[in-house]
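Numbering (the UniProt record's numbering), first residue to last: 1 to 216. Okay, so here's the structure we're looking at.
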Amino acid sequence: MEIQKAQPLYQQVYRLLRRKILSGELGPGESLLENRIAQALSISRTPVREALRQLEREGLVVGRAGDRVVVSPTEEEFVNLYTCRGALERIVAERAARFATEDEIQTMAKAIEEALIKIEAEDHEGVLEANTRFHDQMVESARMPQLKMLMETIRAQILVARRHVLSDSTAAERAICEEHAALLKAIRDRDAERARILMEAHMEADVVRGLNRSAD
1 MEIQKAQPLY QQVYRLLRRK ILSGELGPGE SLLENRIAQA LSISRTPVRE
51 ALRQLEREGL VVGRAGDRVV VSPTEEEFVN LYTCRGALER IVAERAARFA
101 TEDEIQTMAK AIEEALIKIE AEDHEGVLEA NTRFHDQMVE SARMPQLKML
151 METIRAQILV ARRHVLSDST AAERAICEEH AALLKAIRDR DAERARILME
201 AHMEADVVRG LNRSAD
């Protein structure tokens, strides 16, 4: 990464580290040493320290004596996150069934189609990105800025959790696409109650997938 002096250094470092965490390049439990990062970027430790603090506030890293490490959620933390997410996503699904436009429904359909193509290509990163677009569009379609804001507060943790749920498993990827397709049909049919029920089942299935991976 080339550091651009015109931008705040800590923001550049924050974005770099955040991208590496969300992409899985920096995995759970990996140590983030201030001096090592500073040396690699040829900058002082001060902006690195502030970037790590920002990541800690976002819930992506945790402090440890002398350094910070990428979060490795416990089973309880994983379940708690999905409990919060599930409560919000049920509202999202209900409202998307009421307010999504035809163009937005097509955007969600294309995200599912792309995920299926990526599954065939064994492009696990592409599957994750397509599934994220599906959920992001549903949030937009819910037409509730406050709900979107609440989702944003746990967005990064959700992205990390989605990677944990999928675990490069083609079976899990296909199951998620099937669940998304059922959700989309409920939205297309303007059946808000069915959309809510299907979203609840989808979130519960994600929890099971994540816990099964932890047990492996």
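Built from N, CA and C at the ideal position, the CB exists for glycine as well.
- The stretch 41-53 and the stretch 181-189 do not touch, with fewer than three beta-carbon pairs separated by less than 8 Å.
- With a threshold of 16 other beta carbon atoms within 10 Å, residue 57 falls short and is exposed.
- About 15 Å separates the beta carbon of residue 138 from that of residue 87, a gap too long to meet the 8 Å contact definition.
- If you draw a straight line from the Cα of residue 14 to the Cα of residue 25, it comes to about 15 Å.
- Cβ-Cβ distances below 6 Å link residue 54 to 14 in the same chain, with the five nearest sequence neighbours on each side left out; the list follows chain order.
- Per DSSP, the beta-bridge partners of residue 70 are 61.
- Straight through space, the alpha carbons of residue 207 and residue 78 are spaced by roughly 8 Å.
- If the five residues before and after residue 38 are omitted, its C-beta is found closer than 7 Å to the C-beta atoms of 44, 45, 48, all from its own chain and listed in chain order.
- Restricted to the stretch 149-190, not a single beta strand (DSSP E) segment is unbroken, complete and at least 3 residues in length.
- Assigned with DSSP and collapsed to three states, residue 23 falls in helix.
- Bridge partners of residue 32 according to DSSP: 68.
- Using a Cβ-Cβ distance cut-off of 8 Å, the stretch 110-121 and the stretch 190-200 are not in contact, since fewer than three pairs of beta carbons, one from each stretch, lie closer than that value.
- With distances taken between CA atoms, residue 145 lies nearest to 95 out of 19, 23, 95, 61.
- Put simply, of 67, 149, 91 the residue whose alpha carbon is nearest the alpha carbon of residue 32 is 67.
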